[in-house]
Each structure stands twice: as C-alpha cells, then as structure tokens.
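In my numbering, each residue carries its 1-based index in the sequence shown increased by 166.
Virtual Cβ for every residue (Gly too), placed ideally from N, Cα, C.
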Amino acid sequence: MVTDHQKDYLTGLRTTLSVVLYPIQAAVDLPRSGGNWLKETFSSRQQLQEENASMRAQNLLLQSRLQKYDSLLAENNRLRELLDSSSKVNENVLIAEILSIDLEPFTRRIVINKGDVEGVFLEQPLLDANGVLGQVVSIGAFSSTAMLITDPSHALPVQSLRTGARAIAIGVATDNQLKLNHIPNNADIKIGDVLVTSGLGGRFPVGYPVGTITDFVIDPSQPFAKVSAKPTADIEHVREVLLVSNAPPTFNFDATIAEQPVEPDTISTESNNSNTDGESSNDEGSEQ
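Below, the structure is given as structure tokens:
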C-alpha cells in the first residue's frame with residue numbers, strides 16, 4: 167500500500183477492476199432509474215400540464231435573461247477589441263450522472279458514469295447548475311471518482327465577489343460546509359458575501375460560484391477569525407454534474423509602441439555627419 171501510494175504501481179489494476187465493477191454499479195443504480203421511469207410514465211395528465219406550464223414560464227424568463235447576456239457579451243467583446251485583448255475561450259462541458267456516494271462519515275466522494283473513454287482527466291472540475299462541486303481524483307474506463315469541495319482534504323482557492331479578497335476554502339465533511347482559515351480579525355468580510363473561484367492554481371476556471379459566508383466570529387484571544395461558508399452547489403440532492411474542460415487562453419502581444427526606435431541608417435548618417443563636421447572644424451583650425 168505504501169509503495170502504491172508513492173509510485174502508483176496499481177493504477178492499471180484499479181482501472182481493470184473498475185471495468186469489472188461497472189456493471190455492478192449500474193445494477194445498483196437500476197432501481198432508482200427504473201423508479202423514475204415508471205413515475206414519469208404513469209404521471210397524470212394534470213401534473214404534466216402543470217409542469218409544462220411551469221417550464222414554459224421558466225423558459226420565457228431564461229430567454230429574457232439570455233437577451234441581456236448577449237448584449238453584455240457583445241459589449242465585452244467590443245471593449246476587448248479596443249484594448250487589443252483576445253476574447254476568452256468558452257469552457258467545454260460534459261454531462262455525467264452520479265452512480266454512488268461514499269457513505270464514510272469523514273469523506274465526501276462520489277462515483278460518476280463517465281471515465282477515460284469519454285475523455286475525463288484527473289483534477290477535472292465538477293459543477294452543477296448552482297456552482298462548484300469538486301474535482302476528479304480517480305479515473306476508470308467507464309466511471310470516475312470525484313472528491314467534493316466539502317471533503318476535509320479538499321482545498322479550493324476562492325475570492326470575495328464584493329471585495330476581491332482571496333482565501334482558501336477547506337471542506338468540513340460533518341456539516342457539509344466550508345471554512346476559511348487564516349482570515350484576520352479586521353478582514354472586510356460580511357455575512358452574505360459570495361465566494362467565487364479565483365483561478366489560482368490553474369485547476370478551476372475563474373468566476374464560478376463556490377459558497378456564501380454564513381458565519382464570521384471574532385475571538386480577541388485568537389489571531390484569526392472563524393469564517394464558515396455554505397456551498398452554493400446542491401451537494402445533498404444533485405444527480406447530474408458537469409465536467410468542465412478549460413482551454414488555455416491565448417493572448418495578443420501586438421501592442422502599439424509609443425516611441426518608435428531610431429533607424430540604424432539614420433544613426434549612421436548622423437554619426438557620419440558629426441564626424442564630417444568635426445573634421446572640417448579641425449581643418450579650419452589647422453588652416454588658421
């Protein structure tokens with residue numbers, strides 16, 4: 167076990183075992199998926215009409231917000247062109263479903279139904295419809311294991327959306343919360359502040375919601391405050407997740423130069439003229 171932990175000698179064996187165990191995981195998930203199918207099949211006509219009306223209203227609201235988003239995106243692109251800056255590449259996402267949840271009380275890990283065949287890679291970020299969920303820590307051929315942000319061994323660089331102050335959010339498995347360590351007592355933090363990913367470390371894209379500050383306790387006898395946050399993602403009830411693949415941004419280095427350099431021909435001509443002037447003055451002095 168120690169040798170495998172240091173050198174990862176059994177990675178191939180674990181991948182093979184994941185292929186063998188995948189039918190068992192799918193069979194365990196079969197009653198839930200079958201129950202959902204039966205429920206959807208025998209739903210009443212009135213219930214379907216109510217859901218349809220609700221979805222239409224939600225779709226209308228999202229369409230109105232999308233119109234505003236398009237205008238803001240166009241304005242952002244125009245500003246980037248004015249600043250000679252390249253447009254940011256959108257992230258690629260892959261939808262996956264949760265097969266099982268680790269029931270150990272001091273860890274928070276899940277198994278999803280996407281693996282190496284679908285292009286999943288280690289440390290790939292996981293999101294849901296509300297915010298950041300975690301990252302992939304183990305990959306099989308058809309399934310993968312992900313560590314949630316509430317796992318005690320998970321640390322996520324975040325920043326305050328209001329002030330831009332940076333911190334590290336660490337998971338608290340027992341309460342499904344996050345804690346922010348080494349926050350000074352005089353830090354500009356308020357209950358209700360939204361935390362987003364800062365992008366430091368290069369694993370998580372910038373700007374995704376992580377949590378909301380729920381507790382800020384100052385103890386004068388301690389150098390740091392006790393800060394807690396509630397995850398934005400619906401960790402307890404989520405069924406589908408998004409696997410994000412963030413492409414590296416490209417930059418435009420064709421910046422305009424304020425002062426143009428002097429041409430070499432001009433320098434040589436000016437130096438020759440100065441030498442000629444000096445020689446003529448010396449000749450005039452010698453003639454005098």
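Kindly indicate which residue of the options has the alpha-carbon position closest to the one of residue i.
| i | options | result |
| --- | --- | --- |
| Gly368 | Ile336, Asp359 and Glu289 | Glu289 |
| Pro350 | Glu402, Arg222 and Pro389 | Pro389 |
| Pro291 | Ser266, Val283 and Ala262 | Ala262 |
| Lys356 | Gly365, Ile336 and Gly330 | Gly330 |
| Ser411 | Phe382, Glu402, Asn225 and Val302 | Val302 |
| Ile379 | Ser210, Pro397 and Leu366 | Pro397 |
| Asn296 | Leu204, Arg198, Glu402 and Gln215 | Glu402 |
For the putative contact between residue i and residue j, defined by C-beta atoms under 8 angstroms, what is the C-beta separation to the nearest angstrom?
| i | j | result |
| --- | --- | --- |
| Phe370 | Leu322 | 7 angstroms |
| Val185 | Ala307 | 5 angstroms |
| Ala312 | Ile276 | 5 angstroms |
Report the rounded CA-to-CA distance for residue i versus residue j, giving the unit in angstroms.
| i | j | result |
| --- | --- | --- |
| Asn341 | Ala240 | The question names Asn, but residue 341 in the sequence shown is Asp. The alpha-carbon atoms of Asp341 and Ala240 are separated by roughly 42 angstroms. |
| Gly281 | Ser387 | 49 angstroms |
| Asn347 | Val376 | 16 angstroms |
| Val404 | Arg274 | 13 angstroms |
| Ala353 | Ala399 | 25 angstroms |
| His171 | Glu270 | 20 angstroms |
| Thr181 | Tyr188 | 11 angstroms |
| Ser209 | Met221 | 16 angstroms |
| Asp268 | Asn243 | 44 angstroms |
| Thr177 | Val283 | 16 angstroms |
| Leu245 | Tyr235 | 15 angstroms |
| Ser253 | Gly285 | Annotation note: pLDDT 42 at Ser253 (below 50); position unreliable, coordinate value reported separately. Between Ser253 and Gly285, the C-alpha separation is close to 25 angstroms. |
| Leu204 | Arg211 | 15 angstroms |
| Leu226 | Leu232 | 10 angstroms |
| Gly193 | Gly201 | The residue asked about is misnamed: residue 193 is Ala in this sequence, not Gly. Roughly 13 angstroms separates the two Cα atoms. |
| Leu183 | Asp174 | 15 angstroms |
| Leu228 | Leu238 | 15 angstroms |
| Glu206 | Gln215 | 13 angstroms |
| Pro197 | Phe272 | 27 angstroms |
| Asp381 | Ser199 | 38 angstroms |
| Leu179 | Asp195 | 24 angstroms |
Shorter than 8 angstroms from the beta carbon of residue i to some beta carbon of chain D?
| i | result |
| --- | --- |
| Asn347 | The structure shown contains no chain D, having only a single protein chain. |
Please work out which residues of its chain come closer than 6 angstroms, Cβ to Cβ, to residue i, disregarding the five sequence neighbours upstream and downstream, and give them in chain order.
| i | result |
| --- | --- |
| Gly373 | Val362 |
| Ile384 | Asn351 and Ala391 |
| Asn258 | Ser411 |
| Arg332 | Gln325 and Ser364 |
| Gly300 | Leu292, Ala312, Met313, Leu314 and Ile315 |
| His320 | Met313 and Gly337 |
Using beta-carbon positions only, say whether residue i and residue j come within less than 8 angstroms of one another.
| i | j | result |
| --- | --- | --- |
| Val338 | Pro318 | yes |
| Leu314 | Ser394 | no |
| Arg328 | Asp359 | yes |
| Ile278 | Ser309 | yes |
| Ile305 | Val407 | no |
| Leu409 | Leu260 | yes |
| Gln191 | Ser266 | yes |
Short of 7 angstroms in beta carbon distance, which residues of its chain neighbour residue i, apart from the five on each side in sequence? Order them along the chain.
| i | result |
| --- | --- |
| Asn218 | none |
Leaving out five residues before and five after residue i in sequence, what residues of the same chain have Cβ atoms less than 8 angstroms from its Cβ?
| i | result |
| --- | --- |
| Thr442 | Since pLDDT at Thr442 reaches only 44, below the 50 mark, its modelled position is unreliable, and the value read off the structure follows with that caveat. Here the set comprises nothing. |
| Gln224 | none |
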